[in-house]
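Numbering (my numbering), first residue to last: 1 to 439. Each residue gets a CB set at the ideal place from its N, CA and C atoms; glycine is no exception. Remember, it's a predicted structure, so these values are computed and weren't measured experimentally.
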């Protein structure tokens with residue numbers, strides 16, 4: 001019976017990770033019949049009772065559970081206090097599903113980290129194999145929509161094509177690189193792992209994802225420190241800084257995709273194409289505005305700077321807002337309400353600040369920032385309080401560190417199921433002792 005539980009736990013870990021990383025598993029969408037997630041949900045439903053039944057020592061994760069439910073309870077109360085007729089309860093349900101269900105699934109999956117790691121390696125490997133095809137076919141790795149054609153991703157009728165597939169490709173490859181890096185640390189010389197880390201970082205520079213290009217070397221460096229390789233960590237950090245400097249500030253790096261994207265945005269800022277404050281007083285937080293393109297039209301768009309400014313100034317608008325915020329989903333409604341017509345419809349969560357602190361602060365105030373911060377930092381406390389842990393646990397923590405760092409620059413809270421899933425997995429993976437330990 002114990003063997004059945006362990007195998008079912010592995011099936012649950014594999015199935016839950018498949019659901020979470022479904023967007024990275026492009027080969028599942030080669031055929032319309034496999035594009036559905038229902039078969040994955042079926043495996044989860046069948047294996048979940050066994051995974052729950054075989055779970056042990058849940059008291060050590062009781063603190064995490066209490067904090068998660070406190071955060072959700074506070075957000076739920078704030079939603080009904082601040083809600084107006086334009087609020088839709090569907091967004092609240094999405095928020096609760098992401099935070100509670102995916103974090104809980106992560107806790108169960110983390111006890112069998114091999115399932116999560118296997119899915120990530122399959123996804124990253126498939127995407128890595130697609131890169132030579134992209135280079136041969138298009139002569140570039142930057143054109144994200146080309147990956148749709150390469151991997152045969154079916155276009156859903158009526159849905160606008162996702163314009164930044166290259167970012168998902170970069171995320172998938174970076175996530176898969178982390179367990180490989182841990183494996184190299186265990187079975188080869190540390191220098192080999194460092195060379196591998198620099199090679200993947202250079203590849204990400206050509207893919208054009210600035211966030212992952214800058215974050216992944218920091219993850220590798222942290223893992224080296226965590227495993228006691230302090231001198232090697234300093235060497236890797238120095239080489240990564242030199243690589244980033246070469247990409248952004250030398251003539252040789254100007255042809256790299258990530259540098260081209262930075263230069264393009266700098267030119268738009270210099271031309272005033274990114275928001276200037278409005279002069280008609282229509283923006284209460286003075287965070288966005290129109291720019292003159294010379295054609296007599298009123299062109300409106302936004303950037304990360306706009307989203308950050310609006311969230312920060314709205315959060316600090318008055319003492320009540322600073323402490324309690326404006327309510328779940330209010331950021332999107334407030335921003336699109338100021339400039340109607342920018343989006344097809346102003347729904348909660350359709351626009352977010354791309355920073356978890358600013359989003360939690362704007363919508364839930366300092367109380368939400370504190371509670372959510374405790375939830376997201378708990379896995380690191382568990383990790384660094386353990387003197388040594390398995391390679392699987394190290395890999396999960398490394399992947400979580402990457403996603404956690406990206407949450408400062410990308411994504412929203414209610415839709416970031418990867419963040420909460422890996423937070424739960426990183427918290428419970430510290431208990432696993434089935435793999436060879438990293439010393």
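How far does the alpha helix (DSSP H) with residue i in it reach, from first residue to last?
i           : result
residue 372 : 356-385
residue 400 : 391-406
residue 90  : 89-96
residue 47  : 38-53
residue 307 : 304-315
residue 230 : 230-249
residue 226 : 210-226
residue 428 : 417-428
residue 197 : 190-207
residue 319 : 319-324
If we ignore side chains and look at the alpha-carbon of each, how far apart do residue i and residue j end up?
i           : j           : result
residue 374 : residue 67  : 7 Å
residue 46  : residue 421 : 19 Å
residue 272 : residue 309 : The predicted model places residue 272 with a pLDDT of 42, which falls under 50 and marks its position as unreliable; any figure quoted below should be read in that light. For residue 272 and residue 309, the distance between alpha carbons rounds to 17 Å.
residue 104 : residue 410 : 23 Å
residue 7   : residue 319 : 53 Å
residue 208 : residue 92  : 34 Å
residue 117 : residue 392 : 7 Å
residue 53  : residue 179 : 28 Å
residue 452 : residue 316 : Nothing in the structure corresponds to residue 452, since the chain is present only between 1 and 439.
residue 100 : residue 72  : 8 Å
residue 13  : residue 359 : 30 Å
residue 61  : residue 425 : 11 Å
residue 377 : residue 397 : 11 Å
residue 413 : residue 306 : 18 Å
residue 90  : residue 190 : 49 Å
residue 145 : residue 256 : Low per-residue confidence applies at residue 145: pLDDT is 49, beneath 50, and the placement is therefore not dependable, though the value from the model is reported in the following sentence. So the two alpha carbons sit approximately 18 Å from each other.
residue 94  : residue 217 : 33 Å
residue 41  : residue 16  : 8 Å
residue 383 : residue 304 : 32 Å
residue 366 : residue 65  : 20 Å
residue 429 : residue 114 : 10 Å
residue 415 : residue 352 : 10 Å
residue 324 : residue 79  : 11 Å
residue 508 : residue 241 : Residue 508 falls outside the range modelled here, since the chain spans only 1 to 439, and no answer is possible.
residue 423 : residue 136 : 38 Å
residue 292 : residue 232 : Any answer about residue 292 is weak, because its pLDDT of 35 lies below 50 and its placement is not dependable; what the coordinates show is given next. Rounded to the nearest angstrom, the two C-alpha atoms are 51 Å apart.
residue 372 : residue 251 : 43 Å
residue 187 : residue 239 : 22 Å
residue 335 : residue 230 : 46 Å
residue 286 : residue 370 : Because the pLDDT at residue 286 is just 41, under 50, the model does not fix this residue reliably, and the value given afterwards should be weighed accordingly. Distance between the alpha carbons of residue 286 and residue 370 is about 27 Å.
residue 350 : residue 77  : 21 Å
Relative to the C-alpha of residue i, which residue among the options is closest?
i           : options            : result
residue 20  : 37, 320, 46        : 37
residue 130 : 220, 169, 93, 106  : 169
residue 22  : 102, 113, 123      : 123
residue 313 : 350, 361, 354, 327 : 361
residue 96  : 184, 16, 354, 70   : 70
residue 194 : 211, 325, 220      : 220
residue 332 : 356, 181, 363, 188 : 363
residue 419 : 379, 77, 133       : 379
residue 395 : 183, 416, 109      : 183
residue 330 : 371, 250, 87       : 87
residue 10  : 58, 49, 371        : 49
residue 167 : 188, 211, 136      : 211
residue 25  : 196, 125, 334      : 125
residue 132 : 181, 206, 417, 186 : 206
residue 381 : 63, 39, 327        : 63
residue 357 : 39, 249, 245, 311  : 311
Just to confirm, are residue i and residue j a CB contact at a threshold of 9 Å?
i           : j           : result
residue 476 : residue 127 : Outside the shown range of the chain, which is 1 to 439, sits residue 476, and nothing can be said about it.
residue 224 : residue 213 : no
residue 405 : residue 215 : yes
residue 198 : residue 243 : yes
residue 402 : residue 175 : yes
residue 18  : residue 81  : no
residue 55  : residue 111 : yes
residue 355 : residue 322 : no
residue 98  : residue 368 : no
residue 51  : residue 108 : yes
residue 427 : residue 106 : yes
residue 185 : residue 227 : yes
residue 196 : residue 417 : no
Could you tell me if the beta carbon of residue i falls within a distance shorter than 8 Å of some heavy atom in the ligand MN?
i           : result
residue 385 : Annotation note on the ligand MN: not contained in the displayed structure, which lists no ligands.
>> In chain order, what are the residue ranges of uninterrupted beta strand (DSSP E) at least 3 long that sit wholly in the region 68-133?
In response: Those beta strand (DSSP E) runs which fall completely within the region 68-133 and span 3+ residues do not exist here.
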